[in-house]
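**Q**
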Amino acid sequence: MMTTNPQTGARTAATQRCIDPSCGARFELNQRIYVCSRCGGLLDVVQESATGPEQLRVLWTRRLESFESRNQSGVWRYRELLPFADDAPIVSLGEGNTPIYDAPVSAAYCGLHALTLKHQGCNPTGSFKDTGMTAAITQALILGVQTVVCASTGNTAASLAAYAARAKLQCAILVPRGQISHAKLAQSLDYGAAVLELDGNFDDAMRVIRELAEEESIYRRRRGAFRKLIQVFCRELRRLACRAPTLNV
Ligand SMILES: [Zn+2]
Numbered sequence: 011m012m013t014t015n016p017q018t019g020a021r022t023a024a025t026q027r028c029i030d031p032s033c034g035a036r037f038e039l040n041q042r043i044y045v046c047s048r049c050g051g052l053l054d055v056v057q058e059s060a061t062g063p064e065q066l067r068v069l070w071t072r073r074l075e076s077f078e079s080r081n082q083s084g085v086w087r088y089r090e091l092l093p094f095a096d097d098a099p100i101v102s103l104g105e106g107n108t109p110i111y112d113a114p115v116s117a118a119y120c121g122l123h124a125l126t127l128k129h130q131g132c133n134p135t136g137s138f139k140d141t142g143m144t145a146a147i148t149q150a151l152i153l154g155v156q157t158v159v160c161a162s163t164g165n166t167a168a169s170l171a172a173y174a175a176r177a178k179l180q181c182a183i184l185v186p187r188g189q190i191s192h193a194k195l196a197q198s199l200d201y202g203a204a205v206l207e208l209d210g211n212f213d214d215a216m217r218v219i220r221e222l223a224e225e226e227s228i229y230r231r232r233r234g235a236f237r238k239l240i241q242v243f244c245r246e247l248r249r250l251a252c253r254a255p256t257l258n259v
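Counting with this note's numbering, you get residues 11 to 259 for the letters of the sequence shown.
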């Protein structure tokens with residue numbers, strides 16, 4: 011269903027869609043599922059916008075001068091590209107405003123005319139995971155869960171723990187024993203997450219996480235949100251540098 015933002019006039023619609031082309035099943039955005047219930051395939055969030063590129067450009071440029079907290083985020087500033095209502099309870103740590111560097115030496119090494127790098131290590135918890143996590147934890151609040159969980163060996167754990175702390179949600183992280191970065195483990199513990207070690211590998215940890223996420227009060231971060239945020243990142247880069255390629259991930 012198409013919705014209209016009363017303040018900006020921007021019109022968007024979003025659904026969850028199975029990425030398997032032979033299936034393509036669609037589900038309501040807030041349906042609490044992690045894979046396609048018809049074929050078991052991964053789900054993507056499909057966003058359809060009736061707002062023209064020029065209208066978006068004007069809107070986003072104006073927000074650069076705004077002190078509103080969601081306009082200070084390098085993700086939520088471009089919220090017309092995200093599948094959330096305008097009054098969504100946004101959980102943000104000011105992510106996404108990372109610097110962009112010209113890299114002429116690397117460009118020459120790669121045989122390119124120019125190369126531009128966006129330093130995602132400058133995000134709040136030190137990794138690109140924050141740009142997806144802000145959306146994942148916002149969705150967790152919308153779904154009304156009390157606990158968020160993930161299997162991780164580092165960056166995802168620290169990011170989930172930080173955003174869960176900001177949202178006042180409980181956070182549990184499952185890690186394969188001895189296979190997590192000590193720095194990231196310390197970061198997760200500092201943010202108050204319960205870190206549980208498991209005898210096994212990452213796939214074993216994921217299997218347990220999938221079982222946990224069957225519980226109504228628990229939400230697990232999933233892949234679709236990350237994919238969507240990569241698209242946002244690409245669009246931001248294109249807006250700033252006007253020369254980044256379109257990436258399919
Ligand atoms: Zn399917």
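Glycine included, every Cβ here is placed at the ideal spot set by N, Cα and C. Since we're looking at a predicted model, the values are computed, not measured.
Going by DSSP, what residue range makes up the beta strand (DSSP E) through D112?
**A** Run containing D112: I110 to D112, per the beta strand (DSSP E) assignment.
**Q** Buried or exposed for L257, going by 16 or more other Cβ atoms inside 10 Å?
**A** Legend: pLDDT at L257 = 35, less than 50; position of this residue unreliable, no value from coordinates given.
**Q** With H, G and I counted as helix, E and B as strand and the rest as coil, what does DSSP make of Q130?
**A** Helix, per DSSP.
**Q** I'd like to confirm something about D30: is its beta-carbon nearer than 8 Å to some heavy atom of ligand 1, or not?
**A** Checking the Cβ of D30 against ligand 1 gives yes.
**Q** Shortest alpha-carbon distance to A98 belongs to which of I152, L170 and P186?
**A** For the residues I152, L170 and P186, the minimum Cα distance to A98 belongs to I152.
**Q** DSSP on F37, reduced to helix/strand/coil?
**A** In the structure shown, F37 sits in a strand (DSSP, three-state: E or B).
**Q** Between the region 42 to 62 and the region 74 to 84, do at least 3 Cβ pairs fall closer than 8 Å?
**A** Short answer: they don't touch.
**Q** Which two residues bound the contiguous alpha helix (DSSP H) that contains A193?
**A** It spans H192 to D200 - the alpha helix (DSSP H) in which A193 sits, taken as one unbroken run.
**Q** On the criterion of 16 or more Cβ atoms from any shown chain inside 10 Å, does C181 qualify as buried, or is it exposed?
**A** So C181 ends up on the buried side.
**Q** Assuming A172 and Y201 form a contact by the criterion Cβ under 8 Å, report the distance between their Cβ atoms to the nearest whole angstrom.
**A** So it is a contact: roughly 5 Å between Cβ atoms.
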